[in-house]
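Novice: Here it is, the structure, as structure tokens.
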Amino acid sequence: MSLSSVSFGSTYKINQQYSQRNGGSMDILFEHCEDKRIPHDILYDNKSVSATIVSPDNADKDIETMCARLGINFKKYSTEQLINPTAVMHRIMRPPEGKRIVKIDADKFEKLAASQENNIKHCANDYKKYYSPRTNFMLKSGSEIPATSVYINPVSGKDNMIEYIKHFGKDKINPSSIFIDFEQRTNDPDHCMYFAMRDAGMTEIPVYMDQDSYEVANALGIVKS
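Just so we're aligned: 138 in our numbering is position 138 of the sequence shown, and the numbers increase by one with no gaps anywhere.
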């Protein structure tokens, strides 16, 4: 996974009152985005409308020309502003009850997963086939985003695994002695956000973990402080 899969257009945020006059202008802009297949989200709330438009490469001028012609004000954010690791970390939603946000070393984590039982390959295939456009939009929207919930469950139990690592070292664990599970918790493809962040070039990926998973992950040396 690499930065080559990330589009470096811009993100446009629009917030304004919805009246018969400017509402028609907004509708024209959204229809234009539909026609050009430019990803966008719209939220109508009483008499206001909020929109997020994620412009692909080379479409910035098109969006800005349309907004100028229609008299629509916007705030513009570069992709680099929104997907740098610090910005992403600040946008991670609060973890579910009983979990914490943990940054994991992606290279070490994937090396571990390669020798253990997991559903990561299945989730990666889902990401590639179905969910990469949506997760890409979520990542570049500038809004809050969920992390992927990761469970690390040793077959022998947490305490036995940690004791084993203390005696024999984290590089001596047996194949298929751990099950690693990516869980989808919401209607959004939160189980695929790990791959979206990896594709964006992040090497330290924020995930949600329960206490037991965190302790095992920490013993295995894949947690970043």
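Just so you know, even glycine gets a beta-carbon here, dropped at the ideal spot from N, CA and C.
For the ligand MG, is there a heavy atom less than 6 Å away from the beta-carbon of V216?
Specialist: The ligand MG is not among the ligands present in this structure, which contains no ligands whatsoever.
Novice: How far does the alpha helix (DSSP H) with T165 in it reach, from first residue to last?
Specialist: For the purposes of this step, residue 165 is taken as residue 165 along the sequence shown, with counting starting at 1. Looking at the sequence itself, residue 165 is Ile, so the reference to Thr does not match. Start and end: 158-168.
Novice: According to DSSP, is S258 part of a helix, a strand, or is it coil?
Specialist: Since the first residue of the chain shown is 1 and the last is 225, residue 258 is not available in this structure.
Novice: May I have the straight-line CA-CA distance separating P56 from E97, to the nearest angstrom?
Specialist: Working through the sequence shown from its first residue, we reach residue 56 at position 56. Working through the sequence shown from its first residue, we reach residue 97 at position 97. Roughly 36 Å separates the two Cα atoms.
Novice: Count the other CB atoms, across all protein chains shown, that sit within 10 Å of the CB of L43; report buried if there are 16 or more and exposed otherwise.
Specialist: Along the sequence shown, read from residue 1 onward, the residue named residue 43 stands at position 43. The Cβ neighbour count for L43, taken over all protein chains shown within 10 Å, is under 16; the residue is labelled exposed.
Novice: For Q17, would you say it is in contact with chain E, using Cβ-to-Cβ distances shorter than 7 Å as the test?
Specialist: No chain E is present in this structure, which holds just one protein chain.
Novice: Is the number of C-beta pairs between the segment 141-148 and the segment 197-208 that are closer than 8 Å three or more?
Specialist: Taking a cut-off of 8 Å for Cβ pairs, the segment 141-148 and the segment 197-208 touch, as three or more such pairs fall below it.
Novice: In chain order, what residues of the same chain lie with their CB nearer than 6 Å to the CB of S2, ignoring the 5 residues before and after it?
Specialist: On the sequence shown, residue 2 is found 2 positions in, with the first residue counted as 1. In this prediction, S2 scores a pLDDT of 38, lower than 50, which makes its location untrustworthy; no coordinate-derived value is stated.
Novice: Output the residue ranges of the alpha helix (DSSP H) runs that lie fully inside the segment 39-123 and measure 4 residues or longer, sorted by chain position.
Specialist: Look at the segment 39-123 and you find these whole runs of alpha helix (DSSP H), each 4 residues long or longer: 60-70, 79-83, 85-91, 106-114.
Novice: Between the segment 172-181 and the segment 102-121, do at least 3 Cβ pairs fall closer than 8 Å?
Specialist: yes
Novice: Measure from the alpha carbon of D41 to the alpha carbon of each residue in F30, Y77, D35, then state which is nearest.
Specialist: Translated into positions along the sequence shown, residue 41 becomes position 41. Residue F30 is the option with its Cα nearest to D41.
Novice: Can you tell me whether N15 is helix, strand or coil according to DSSP?
Specialist: Counting from 1 along the sequence shown, the entry for residue 15 is found at position 15. Of the three classes helix, strand and coil, the one that applies to N15 here is strand, per DSSP.
Novice: Can you round the beta-carbon distance between I165 and S213 to whole angstroms, since I take them to be within the 8 Å contact cut?
Specialist: The sequence position of residue 165 within the sequence shown is 165, counting from 1. The sequence position of residue 213 within the sequence shown is 213, counting from 1. The pair is not a contact, with the Cβ atoms about 14 Å apart (cut-off 8 Å).
Novice: Check the C-beta distance from M202 over to V88 and give it rounded, since I have them as a contact under 8 Å.
Specialist: The sequence position of residue 202 within the sequence shown is 202, counting from 1. The sequence position of residue 88 within the sequence shown is 88, counting from 1. Going by Cβ atoms, the distance from M202 to V88 rounds to 7 Å, so yes, they are a contact pair.
Novice: Note down the Cα distance separating N58 from G157, rounded to an integer number of angstroms.
Specialist: Position 58 of the sequence shown holds residue 58. Position 157 of the sequence shown holds residue 157. Using only the alpha carbons, I get a separation of about 52 Å.
Novice: Can you list, in chain order, the residues of its chain with a C-beta nearer than 8 Å to that of Y18? Leave out the 5 residues immediately preceding and following it.
Specialist: Looking up residue 18 in the sequence shown gives position 18. Excluding sequence neighbours, Y18 sits near M26, Y44, K47, S48, V49.
Novice: Using the beta-carbon count (16 or more within 10 Å), is S4 buried or exposed?
Specialist: The count along the sequence shown starts at 1 and reaches residue 4 at position 4. With a pLDDT of 41 at S4, under the threshold of 50, the predicted position of this residue should be treated as unreliable, though the coordinate-derived value follows. Exposed: under 16 other Cβ atoms inside 10 Å.
Novice: Quick one: grab the DSSP three-state call for E31.
Specialist: As a working note, residue 31 is residue 31 in the sequence shown. Helix at E31.
Novice: Taking contact to mean at least 3 C-beta pairs separated by less than 8 Å, is the segment 137-144 in contact with the segment 74-82?
Specialist: yes
Novice: For the alpha helix (DSSP H) that contains M138, what are its first and last residues?
Specialist: On the sequence shown, position 138 is the one that residue 138 refers to. Unbroken alpha helix (DSSP H) run through M138: 132-140.
Novice: In three-state DSSP terms, what is D188?
Specialist: On the sequence shown, residue 188 is found 188 positions in, with the first residue counted as 1. D188 falls in the coil class under three-state DSSP.
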